[in-house]
């Protein structure tokens with residue numbers, strides 16, 4: 121389980137959370153909170169309904 125992000129074409133990042141050798145979900149959410157909650161940053165999602173639900177469940181206001 122994890123979060124995938126990209127900022128430029130051809131570059132992507134995967135952040136593993138809550139898996140062996142992964143990062144703590146709460147820590148990752150707090151680091152990414154400013155990004156997800158900034159309405160001036162364009163967000164594009166492949167599976168938005170599911171992603172939105174998961175982010176809301178994690179306490180983020182997207």
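In this note's numbering, the protein residues as written are 121 to 182.
Where a beta carbon is used, it is the ideal one built from N, C-alpha and C, also for glycine.
Small disclaimer: the values here were computed from a predicted structure and weren't measured.
Would the region 121-130 and the region 139-148 be scored as touching if the rule is three or more Cβ pairs under 8 angstroms?
yes
Selection from 126, 148, 130 that minimises the alpha carbon distance to residue 178
Taking the chain shown and counting its residues from 1, the one referred to as residue 178 is at position 58. Of 126, 148, 130, the residue nearest in Cα terms is 148.
Using CA atoms only, rank isn't needed, just tell me which of 129, 182, 132, 131 is closest to residue 158.
Within the chain shown, residue 158 is the residue found at index 38, counting from 1. That would be 182, whose Cα lies nearest to the Cα of residue 158.
Considering only their Cβ atoms, is the gap separating residue 125 from residue 156 smaller than 7 angstroms?
For the purposes of this step, residue 156 is taken as the residue at position 36 of the chain shown. For the purposes of this step, residue 125 is taken as the residue at position 5 of the chain shown. For residue 156 and residue 125, no; Cβs fall outside 7 angstroms.
DSSP on residue 152, reduced to helix/strand/coil?
Position 32 of the chain shown, counted from the start, is the residue given in the question as residue 152. The answer is helix: DSSP assigns residue 152 an H, G or I state.
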